[in-house]
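In this note's numbering, the protein residues as written are 9 to 257. Think of the CB as a built atom: it goes at the ideal place given N, C-alpha and C, for glycine as much as any other residue.
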Amino acid sequence: MDPDATQIMTRTGEFTFESDSPPQWETDARERLAAAAGRFSDPLSDLVERDANQGDTQILVADFLSYGLNYSKYGELTTEYRTTGGSVDYGILISDQLFAFVEVKPCGQNLDTRNLRQARMQAADEGVEWVVLTNGRLWQVYHLGDGDASSTRLILEADLLNDDGRPVAVDMLFHLTKEAVEHGRLDDLREWREALAPAALADALRSDAVISALRRELRTRTGHTGHIGDLEELSRALSDDVITRGLLP
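Here it is in structure tokens:
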């Protein structure tokens, strides 16, 4: 770490260093997305207030995909994408490759996994890994894994009308922007979510880096200077008394 780097406060309230400042493409994408979230707030609120139908919601979703997430309406969004099993509302293309399906529900309808069933089946048939489910206000992004229901995982969720949580919504939806997808950020987020699974966390807790950090913390708390075999002792204590045995590899 550069000792001369200056600490700065990020939008999430965490400290980072200027040497780790985001690249310009990320700054531009986040600023564009934040502006779009503010711009679409009133039209979206109007749609929700009058309980607009699916067609009106689709218009707003297409505009947000274009202005907020940077997918061209004329080159990267395909309306009523036809599959062997029917059609989905939109297909998203990146570099002429089908990246995701978008399923739109009326703005007044709550989203749940039942809404995902048809799009998931069609995505599996077409070899598409990602499905976006939205009612305009709430955006959910799912990764299909192996294509069956048991491997489908919710990767991000964002509510555009949560005024108090709008920075959080923008931060989440950033991963769905064209730039972030192209730079692998959505896949990075997917891997982070998978790393939070109980078995993965249990494995991480038993890694050499974590065991060493725990030893330093325990030495600080107890004043003990250490003894031969203390790492192994700590690892056994974690495995035997803390981590559920069924999660150990």
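Asked: Integer-rounded CB distance, given that N123 should sit under 8 angstroms from E137; Found: Contact doesn't hold; Cβ gap of about 18 angstroms is too wide.
Asked: Beta-bridge pairing of Y82 - partner residues as DSSP gives them; Found: DSSP, once it has assigned bridges, lists no residue as partnering Y82.
Asked: C-alpha gap between T20 and V176, whole angstroms; Found: Any reading at T20 must be qualified, since the residue scores a pLDDT of 46, below 50, and its modelled position is unreliable; no value is offered.
Asked: Meets three-Cβ-pair contact criterion under 8 angstroms: the segment 31-51 and the segment 146-153; Found: no
Asked: Close beta carbons around G116, own chain, < 7 angstroms, minus the five adjacent residues each side; Found: V56 and D59
Asked: Every unbroken beta strand (DSSP E) within the segment 153-198, with a cutoff of 3 residues, ordered by chain; Found: 161-167
Asked: T14 versus T35: straight-line alpha-carbon distance, rounded; Found: Because the pLDDT at T14 is just 41, under 50, the model does not fix this residue reliably, and the point stays unresolved.
Asked: Cutoff 8 angstroms; reference I251; Cβ partners in own chain excluding five residues on either side; Found: A210, L213 and R214
Asked: Residue environment, R128, which counts as buried when at least 16 other CB atoms sit within 10 Å; Found: buried
Asked: Residue range of the unbroken beta strand (DSSP E) whose run includes F107; Found: Q105 to V112
Asked: Local conformation of Q117 per DSSP, three classes; Found: coil
Asked: Cβ-Cβ separation, L169 to V49 (assumed contact under 8 angstroms), whole Å; Found: It is Ser, not Val, that sits at residue 49 in the sequence shown. About 7 angstroms separates the two Cβ atoms, so the contact holds.
Asked: Alpha-carbon to alpha-carbon, A42 and E26; Found: Reliability fails at E26, whose pLDDT of 48 lies under 50, so the model's placement of it is uncertain and no value is given.
Asked: Alpha carbon of T230 to alpha carbon of A207, nearest angstrom; Found: 30 angstroms
Asked: Candidates H232, L222, T160 and D179, of which the one nearest R244 by Cα; Found: L222
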